[in-house]
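Novice: Counting with this note's numbering, you get residues 298 to 432 for the letters of the sequence shown.
Idealized CB from N, CA, C, for every residue including glycine.
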Amino acid sequence: MKKLVSIIIVNYNSFDLLDTCLNSINTHLDANQYEVILVDNNSEGDISQITGKYENIQLIKNNKNIGFAAANNRAIELVDTKYTLLINNDIFFTENSLKKIIEIVDKKEEEVIVGVRLLNPDGSIQESAYQFPSL
C-alpha cells in the first residue's frame with residue numbers, strides 16, 4: 298500500500314530530540330499513512346540505536362554534514378507520496394494532528410504550505426516572528 302505522507306527529518310547530533318520526535322510519530326500517526334525519510338548529517342554516535350526502535354524509516358547517512366537545506370533536498374529526491382512534510386527533530390505530534398493537517402490541505406485545490414502551532418516546553422504558545430495568512 299502506497300503511503301500518503303513522507304515526513305522528512307534532518308538530524309545532527311540530537312539523538313534525544315530525535316527519539317522523542319520519532320516516538321510521537323509512532324504513537325500518534327497511522328503507520329499505513331506515512332514514511333519517515335531521516336537524513337543524518339554525519340552525527341557522532343550510532344543513530345541505529347534510535348531508528349531501530351521504529352518502523353517506516355528510510356535512513357540516509359551522510360559521510361559529512363552537508364547542511365540543513367541540502368539534506369532536505371537529498372530526501373525530497375526520494376519522495377513518492379501525495380504529501381511531503383519537512384519537520385525539525387524537535388517537533389512532536391499529538392493525537393490526530395497529521396489527520397487535521399491533511400483535512401485542511403485536501404480542501405484546497407492549489408499548492409499550500411501549512412504551519413502548525415509552536416509550543417514552549419511548558420505548553421504555552423510560542424509566538425511566531427511574523428503574521429502569516431491563514432487558511
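Considering just the uninterrupted stretch of the alpha helix (DSSP H) at T324, what are its terminal residues?
Specialist: 312 to 325 is the span of the alpha helix (DSSP H), which, as asked, contains T324.
Novice: Which whole-angstrom value is the C-beta distance of V307 and N338, which I expect to be below 8 angstroms?
Specialist: 6 angstroms
Novice: Report the three-state DSSP secondary structure of T344 (helix, strand or coil).
Specialist: Before going on, a small fix: residue 344 reads as Ile here, not Thr. When DSSP states are grouped into helix, strand and coil, I344 belongs to the coil group.
Novice: Is it right to say E341 is buried, meaning 16 or more other beta carbons lie within 10 angstroms of its own, or is it exposed?
Specialist: With fewer than 16 Cβ atoms within 10 Å of its Cβ, E341 is classed as exposed.
Novice: Could you please give me the residues that DSSP links to I304 through a beta bridge?
Specialist: According to DSSP, I304 shares a beta bridge with V333, L382.
Novice: Determine the extent of the alpha helix (DSSP H) in which L395 is found, giving its start and end residues.
Specialist: Boundaries of the alpha helix (DSSP H) harbouring L395: 394 to 403, taken from the DSSP string.
Novice: Figure out for me which residue from A372, A366, K405 has the closest Cα to the Cα of K506.
Specialist: Nothing about residue 506 can be read from this structure; the chain reaches only from 298 to 432.
Novice: Using the Cα positions of S425 and N329, report the straight-line distance between them to the nearest angstrom.
Specialist: 32 angstroms
Novice: What number of angstroms, rounded off, separates the C-alpha of N433 from the C-alpha of A366?
Specialist: In the structure as shown, the chain starts at 298 and stops at 432, and residue 433 therefore has no counterpart that could be examined.
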